[in-house]
Amino acid sequence: MKNYTLISPCFFGMEKMLAREIKDLGFEIIKTEDGRITYKTEEDGIAKANMWLRCAERVNLKVAEFEAKSFDELFEGTKRIDWSKYIPYGAQFPVAKASSIKSKLYSTPDIQAIVKKAIVESLKKSYLETGLIKEDKEKYPIYVFIHKDKVTLSIDTTGDALHKRGYREKANKAPIRETLAAGIMYLNPWKPGRTLVDPMCGSGTLLIEAAMMGINMAPGLNREFISEKWRTMDKKIWWNVRKDAYDKIDEDVKFKIYGYDIDEEAIEIAKENAEIAGVDEYIEFNVANALDFKSEEEYGFIVTNPPYGERLEDKESVQSLYKHLGYTFRELKNWSYYLITSYEDFENEFGKEADKRRKLYNGMLKTNLYQYIGPRPPKKS
């Protein structure tokens, strides 16, 4: 059985949730850094990680790590690797991304060009080629990450980033990324059978992620991955992992969660997205104003991604919205509510200090998840 070292990047603030997912899959964590986790798996780990990780942005296969303070050192260190172990003859190997932090080498286009040239030289030697090396078959995209002069080279096994679950064909103006939505759901104790509401649901991402978790549906079930086409991976592995994911869906669980939005078009998009995701029977979407929300339920959860007021002209309307949301939510005496926003003065406008705050990044945007935690409902006798 082959062993692999994998690297999964994630949004800043998501490391703890991603680490829990990786451990739950039975993988061994080697290193946790800001925005990335390195871990060991067996041969089927590439498929399992891509299929099941909700909070990761992608799954990269680690190839090598070495120090380079000059382009010569970068070239020689890359060339020394036997790339034919990873890249079969005729495969494409674009250097898809390079990033450099606190390092002497900082020009990413030059880093990409040097790494590409070095891999070509290594493969020409392995495949006894003298002219141009063929690149007309499946892709093995190369990622270069340099931090404090330490170079990490890896191969992307995912393709389109993992937040692209395959269900969000349409979105509203300010959608929350699926991986972040999953992380937010991990940060609250909702489970099927308890009331969950998103009163500003937009295109439905938070609720769709919650429903997928509720029925134990793998986030990668409705999409394909670049490494499925690799000659270096046994096709049976992918088939088995996908079949296992289908088998693990809990078809016996019954629950209903609720999404509302003032925008009729957003609700139609949310319904369509939930249907594509295969969780439409678990979510009820309706047009309604969040400020009018009431419930006869004594306990419940509100999880929502309200407007942030990033543009100056929106600031006043967002301040008013947060103030009135505070009035509305505080009427729900025993409820818990979780709101994510980049608006720094949120608690002051909302009229209540959060029980917990969690710094999270929505793309490059720094946000806080404000957590207002209500009492637990009494246990049913």
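At position 90 of the sequence shown the residue is numbered 76 (the working numbering), and the sequence of numbers has no breaks.
We put the CB at the ideal spot given by N, CA and C, even for glycine.
Inter-residue CB distance, residue i and residue j (contact presumed, cutoff 8 Å)
| i | j | result |
| --- | --- | --- |
| K88 | H133 | 7 Å |
| T165 | F(-3) | 7 Å |
| F241 | A256 | Not really, about 17 Å apart at Cβ, beyond 8 Å. |
| V101 | L60 | 7 Å |
| T259 | I194 | The question names Thr, but residue 259 in the sequence shown is Asn. With 8 Å as the limit, N259 and I194 qualify as a contact, their Cβ atoms being about 6 Å apart. |
| N90 | K136 | Reading the sequence as shown, one finds Lys at residue 90 and not Asn. K90 to K136, Cβ: 11 Å. No contact. |
| V304 | Y244 | Not quite, the Cβ-Cβ distance comes to about 24 Å (not below 8 Å), so this is no contact. |
| Y308 | F279 | Not quite, the Cβ-Cβ distance comes to about 15 Å (not below 8 Å), so this is no contact. |
| S108 | I170 | Not really, about 43 Å apart at Cβ, beyond 8 Å. |
| T143 | I32 | 5 Å |
| F57 | D96 | 7 Å |
| V49 | A35 | The Cβ separation is near 16 Å, so there is no contact. |
| Y329 | G360 | About 23 Å separates the two Cβ atoms, so there is no contact after all. |
Rounded C-alpha distance that separates residue i from residue j
| i | j | result |
| --- | --- | --- |
| K17 | S140 | 15 Å |
| E7 | R40 | 8 Å |
| V289 | S(-6) | 26 Å |
| V265 | I235 | 11 Å |
| R228 | K222 | 10 Å |
| I119 | F13 | 36 Å |
| A276 | A104 | 57 Å |
| I73 | D10 | 30 Å |
| K71 | G21 | 28 Å |
| D30 | Y232 | 16 Å |
| L114 | Y25 | 34 Å |
| G312 | S86 | 43 Å |
| Y356 | T314 | 16 Å |
| S189 | E62 | 49 Å |
| E214 | I269 | 32 Å |
| S112 | Y75 | 9 Å |
| A168 | T181 | 17 Å |
| D220 | L(-8) | 18 Å |
| Q98 | K365 | 58 Å |
| G179 | E283 | 12 Å |
| K(-12) | T27 | 9 Å |
| E1 | Y172 | 12 Å |
Test: residue i CB closer than 8 Å to a CB of chain D
| i | result |
| --- | --- |
| W224 | Judged by its chain identifiers, the structure shown contains no chain D, having just a single protein chain. |
Contact under 8 Å by Cβ, residue i with residue j
| i | j | result |
| --- | --- | --- |
| N354 | K345 | yes |
| P293 | D300 | yes |
| N208 | R151 | yes |
| A155 | I262 | This sequence places Glu at residue 155; Ala is not what is there. It is a contact, given that the beta carbons lie within the stated cut-off. |
| A77 | L148 | no |
| W321 | A204 | no |
| R217 | E124 | yes |
| L318 | G286 | yes |
| F211 | G145 | yes |
| V273 | E237 | no |
| K338 | R316 | yes |
| I128 | A82 | yes |
| Y246 | P185 | yes |
| A197 | W176 | no |
| Y(-10) | L47 | yes |
According to DSSP, residues forming a beta bridge with residue i
| i | result |
| --- | --- |
| E51 | T138 |
| L351 | N348 |
| A84 | V130 |
| L182 | F287 |
| K9 | In DSSP, K9 forms no bridge with anything. |
| P(-5) | R22 |
| Q357 | Y324 and K342 |
| Y(-10) | T27 |
| Q305 | Beta-bridge pairing links Q305 to no other residue. |
Practice problem: Jot down the residue ranges of each uninterrupted beta strand (DSSP E) in the segment 233 to 265, minimum 3 residues, whole runs only, in chain order. | Solution: With a minimum length of 3 residues, the unbroken runs of beta strand (DSSP E) contained wholly in the segment 233 to 265 fall at 243 to 247.
Practice problem: Just list the beta strand (DSSP E) runs in the segment 181 to 215, keeping only unbroken ones of 3 residues or longer that don't cross its boundaries, in chain order. | Solution: Correct list: 182 to 184.
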